[in-house]
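Trainee: Residue numbering for the sequence shown is 64 to 472, as defined by my numbering.
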Amino acid sequence: MNEKRAGRSPGPREFIALFALITSLTALTIDTMLPALAAIGRDFGVEDPRDTQMIVSIMVLGMMVGELFFGSLADALGRKNAIMIGLAIYAAGTLMTLFSSSMEILLAGRFVQGIGVSGPKIASRAILRDRFEGDALARIGSFIFMIFILVPMAAPAIGTILIIFWHWRSIFLLFLILAATCALWLGIRQPETLPPERRIPLSLHVQAGNLLQILRLPDVVAQAVALGFIFGAMLSFISMAPTLFLELYGIEEMFAAWFALLAFGIGIASFINGHVVRRFGAATLVWISLSAAVAISAIGLIFVIGGGGQLPFFGFVGLFFCLFLCIGSLFGNITALAMQPLGRIAGMGASFVSALSSLVSGLFAMASGRFYDGTLLPVTTAMLLALTIAALLFAFARRRVRRRDAVSG
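Listed below in structure tokens is the structure:
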């Protein structure tokens, strides 16, 4: 892999576009598959819709495994090389799914895809931390996340079109094309941000020391777990969404359009966050968004219980649009706050934060998915539970930060 720096660095807009595409691989790999779950279940003879939801959650668990290693690789080999290795593994997993002859092989390929996509996810965060810090990191992260969420807004529609005109397997051809595009664009345009003299050798002793350094920061651990519960709440809805729309409201063809509307709430929140985070600070905005999300999910659960587990369709859409609007600013802000004290070991730090949050979110989504009973009660309960736990963890983390700042100040 070429260690030479590109002749000219990308400008701010190209930088944002490049890393929005790289980071959007994760969401695209999840969301483009949603319209295909029923077709895959039919082709492989899977009758229980809770089993096809594994296509989503197994990839997230694969991400967790990859995230354990790619932080160290990014610190030892450089950020670009870690991304390239991840893209190669992702392509291998995609080929497994493309030519799968059973549900078990497809799930294995999805697991490998998850391992691979964690490389771009982790190393791109490390590149952002190399170049920015504090509220500036939260701001650039919000702009990237805004574009990142606009791309998968269209993902279910893209998946639907591919299924109608070709086959659900053609979705995996799209993934291969996107991976190749990311590799070429990154290799040609983005310089390496970690020079050789700052790299940390792949030593078990060194990595164990870095991990202990992170574990001694309870605010980092708490915020990583909080991220996991927030993503777990969102993933619970995403994995159940095709079934909810079809079984409760009889909507299949228009699922992609309604899902795009919900995802648009996240895009709006990210856009607003990118413009106001410098004025109010990331921590303040997290408090506002989390408090609103907990309140809305509690109100939604009350109405669901009162409606016998159901909501009118527009009440259902309105509830989750408002929740996604609140959640949209949380990922970039909490990630920036968790990464703030980890500058020297940004690769390991990004790996730890992502791996722990992916583990929590994957297990939470798998567990909540098993409680699906044909009503909205499981998903609304999961939302309230996850967001409340996240709020408590974030409160604990901010107290520890204030205590540490008081001692060091």
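Note that the Cβ used here is the ideal one computed from N, Cα and C, for glycine as well.
Since the structure is predicted, the reported quantities are computational estimates derived from the model, not experimental observations.
Decide if the stretch 388-404 is in contact with the stretch 183-196; the criterion is three or more beta carbon pairs, one per stretch, under 8 Å apart.
Mentor: yes
Trainee: DSSP on residue 231, reduced to helix/strand/coil?
Mentor: For the purposes of this step, residue 231 is taken as the residue at position 168 of the sequence shown. Three-state DSSP puts residue 231 in coil, outside helix and strand.
Trainee: Nearest to residue 136 by CA position, among 145, 459, 460, 128, is which residue?
Mentor: Indexing the sequence shown from 1 puts residue 136 at position 73. Of the listed residues, the one whose Cα sits closest to residue 136 is 145.
Trainee: If you drop the 5 nearest sequence neighbours on each side, which residues of the same chain put their C-beta closer than 7 Å to that of residue 102?
Mentor: For this step, residue 102 is matched to residue 39 along the sequence shown. So the list reads 226, 231, once near-sequence residues are dropped.
Trainee: With H, G and I counted as helix, E and B as strand and the rest as coil, what does DSSP make of residue 263?
Mentor: Position 200 of the sequence shown, counting from 1, holds the residue named residue 263. Coil.
Trainee: List the whole-angstrom C-beta distance separating residue 141 from residue 257, where the pair is believed to meet the contact cut-off of C-beta under 8 Å.
Mentor: The sequence position of residue 141 within the sequence shown is 78, counting from 1. The sequence position of residue 257 within the sequence shown is 194, counting from 1. With 8 Å as the limit, residue 141 and residue 257 qualify as a contact, their Cβ atoms being about 5 Å apart.
Trainee: Please state whether the Cβ-Cβ distance between residue 172 and residue 163 is less than 8 Å.
Mentor: Here residue 172 corresponds to residue number 109 of the sequence shown, with the count starting at 1. Here residue 163 corresponds to residue number 100 of the sequence shown, with the count starting at 1. Note that the C-beta distance between residue 172 and residue 163 is below 8 Å.
Trainee: For the stretch 298-342, list the alpha helix (DSSP H) runs that are entirely contained and at least 4 residues long, ordered along the chain.
Mentor: none
Trainee: Hey, how far is the Cα of residue 389 from the Cα of residue 329?
Mentor: As a position in the sequence shown, residue 389 is number 326, starting the count at 1. As a position in the sequence shown, residue 329 is number 266, starting the count at 1. Taking the straight line from one Cα to the other gives about 8 Å.
Trainee: According to DSSP, is residue 435 helix, strand or coil?
Mentor: Along the sequence shown, one-based indexing puts residue 435 at 372. DSSP places residue 435 in the coil class of the three-state scheme, outside both helix and strand.
Trainee: How should residue 240 be labelled, buried or exposed, when 16 other C-beta atoms within 10 angstroms of its C-beta is the threshold for buried?
Mentor: Along the sequence shown, read from residue 1 onward, the residue named residue 240 stands at position 177. Residue 240 is exposed by the Cβ-count criterion.
Trainee: Would DSSP call residue 469 helix, strand or coil?
Mentor: As a first step, residue 469 must be located in the sequence shown, where it is residue number 406. Of the three classes helix, strand and coil, the one that applies to residue 469 here is helix, per DSSP.
Trainee: Are the stretch 362-369 and the stretch 434-447 in contact at 8 Å, needing three or more beta carbon pairs?
Mentor: Touching, per the Cβ criterion.
Trainee: Span of the alpha helix (DSSP H) holding residue 99?
Mentor: Numbered from 1 along the sequence shown, position 36 holds the residue referred to as residue 99. Neither: residue 99 is in no alpha helix (DSSP H) and is coded neither H nor E.
Trainee: Is residue 216 closer than 8 Å to residue 83 when the C-beta atoms are compared?
Mentor: For this step, residue 83 is matched to residue 20 along the sequence shown. For this step, residue 216 is matched to residue 153 along the sequence shown. The answer is no: Cβ separation not under 8 Å.
Trainee: Is it true that the stretch 450-463 meets the stretch 148-165, where meeting means three or more beta-carbon pairs spaced less than 8 Å apart?
Mentor: no
Trainee: Report the residue from 336, 342, 315, 255 whose alpha carbon sits nearest the alpha carbon of residue 192.
Mentor: Here residue 192 is taken as the residue at index 129 of the sequence shown, counted from 1. Taking residue 192 as reference, the option from 336, 342, 315, 255 with the minimal CA-CA separation is 255.
Trainee: Once the 5 residues before and after residue 434 are set aside, which same chain residues still bring their CB inside 7 Å of it?
Mentor: Within the sequence shown, numbered from 1, the residue matching residue 434 stands at position 371. 441, listed in sequence order.
Trainee: Under 6 Å Cβ to Cβ from residue 179, same chain only, skipping five residues before and after it: list those, please.
Mentor: Start at 1 with the first residue of the sequence shown, and residue 179 comes out as number 116. Excluding residues within five positions, the ones whose Cβ falls inside 6 Å are 149, 152, 153, 156.
Trainee: Compare the Cα-Cα distances from residue 353 to each of 316, 115, 449 and report the closest residue.
Mentor: Translated into positions along the sequence shown, residue 353 becomes position 290. Nearest option by C-alpha distance: 449.
Trainee: Quick check: the Cα distance between residue 222 and residue 161, rounded to an integer number of angstroms?
Mentor: On the sequence shown, residue 222 is found 159 positions in, with the first residue counted as 1. On the sequence shown, residue 161 is found 98 positions in, with the first residue counted as 1. Going by the C-alpha atoms only, they are around 14 Å apart.
Trainee: Does the distance from the C-beta atom of residue 273 to that of residue 408 stay below 8 Å?
Mentor: Indexing the sequence shown from 1 puts residue 273 at position 210. Indexing the sequence shown from 1 puts residue 408 at position 345. Their beta carbons are under 8 Å apart, which means residue 273 touches residue 408 by this criterion.
Trainee: Could you pull out every residue in the same chain whose Cβ sits closer than 7 Å to the Cβ of residue 318, ignoring the five residues on either side in sequence?
Mentor: Position 255 of the sequence shown, counted from the start, is the residue given in the question as residue 318. Around residue 318: 98, 219, 305, 308.
Trainee: Taking the C-alpha atoms as reference points, what is the distance between residue 139 and residue 247?
Mentor: The residue labelled residue 139 in the question sits at position 76 within the sequence shown. The residue labelled residue 247 in the question sits at position 184 within the sequence shown. When rounded, the distance between both Cα atoms is 22 Å.
Trainee: Our contact map puts residue 461 next to residue 346 with C-beta atoms below 8 Å; I'd like the distance itself, whole angstroms only.
Mentor: Mapped onto the sequence shown, residue 461 falls at position 398. Mapped onto the sequence shown, residue 346 falls at position 283. Yes, they are in contact, since the Cβ atoms of residue 461 and residue 346 sit about 6 Å apart, within 8 Å.
Trainee: For the stretch 338-345 against the stretch 373-383, are there 3 or more C-beta pairs whose distance is under 8 Å?
Mentor: no
Trainee: In this structure, does DSSP put residue 176 in helix, strand or coil?
Mentor: Reading the sequence shown from its first residue, position 113 is the one you call residue 176. DSSP places residue 176 in helix when its eight states are reduced to three.
Trainee: Short of 6 Å in beta carbon distance, which residues of its chain neighbour residue 383, apart from the five on each side in sequence? Order them along the chain.
Mentor: The count along the sequence shown starts at 1 and reaches residue 383 at position 320. For residue 383, where only same-chain residues beyond five positions count, the Cβ hits under 6 Å are 325.
Trainee: From residue 68 to residue 281, what distance separates their C-alpha atoms?
Mentor: On the sequence shown, residue 68 is found 5 positions in, with the first residue counted as 1. On the sequence shown, residue 281 is found 218 positions in, with the first residue counted as 1. Any reading at residue 68 must be qualified, since the residue scores a pLDDT of 41, below 50, and its modelled position is unreliable; the value itself is stated next. The alpha-carbon atoms of residue 68 and residue 281 are separated by roughly 37 Å.
Trainee: Roughly how many angstroms separate the alpha carbons of residue 418 and residue 311, rounded to a whole number?
Mentor: Locating residue 418 in the sequence shown gives position 355, where the first residue counts as 1. Locating residue 311 in the sequence shown gives position 248, where the first residue counts as 1. Each residue's Cα considered, the two are about 34 Å apart.
Trainee: Are residue 184 and residue 92 close, meaning C-beta to C-beta below 8 Å?
Mentor: Numbered from 1 along the sequence shown, position 121 holds the residue referred to as residue 184. Numbered from 1 along the sequence shown, position 29 holds the residue referred to as residue 92. No. Outside cutoff.
Trainee: Quick check for students: name the residue ranges of the alpha helix (DSSP H) that lie wholly in the stretch 98-166, counting only runs of 4 or more.
Mentor: 100-106, 112-115, 117-140, 142-161
Trainee: Could you check where the alpha helix (DSSP H) with residue 408 kicks off and where it finishes?
Mentor: Sequence index remark: in the sequence shown, residue 408 carries index 345 (1-based). Unbroken run through residue 408: none, as it is neither H nor E.
Trainee: Is it buried or exposed for residue 87, if we count other Cβ within 10 angstroms and need 16 for buried?
Mentor: Counted from its first residue, the sequence shown places residue 87 at position 24. Its Cβ being crowded by 16 or more others within 10 Å, residue 87 is buried.
Trainee: Can you tell which of 298, 303, 134 has the C-alpha that lies nearest to the C-alpha of residue 114?
Mentor: For the purposes of this step, residue 114 is taken as the residue at position 51 of the sequence shown. Checking every option, the nearest Cα to that of residue 114 belongs to 303.
Trainee: Taking the alpha carbon of residue 122 as the reference point, which residue from 429, 143, 134 has its own alpha carbon closest?
Mentor: The residue labelled residue 122 in the question sits at position 59 within the sequence shown. Minimum Cα distance to residue 122 is reached at 429.
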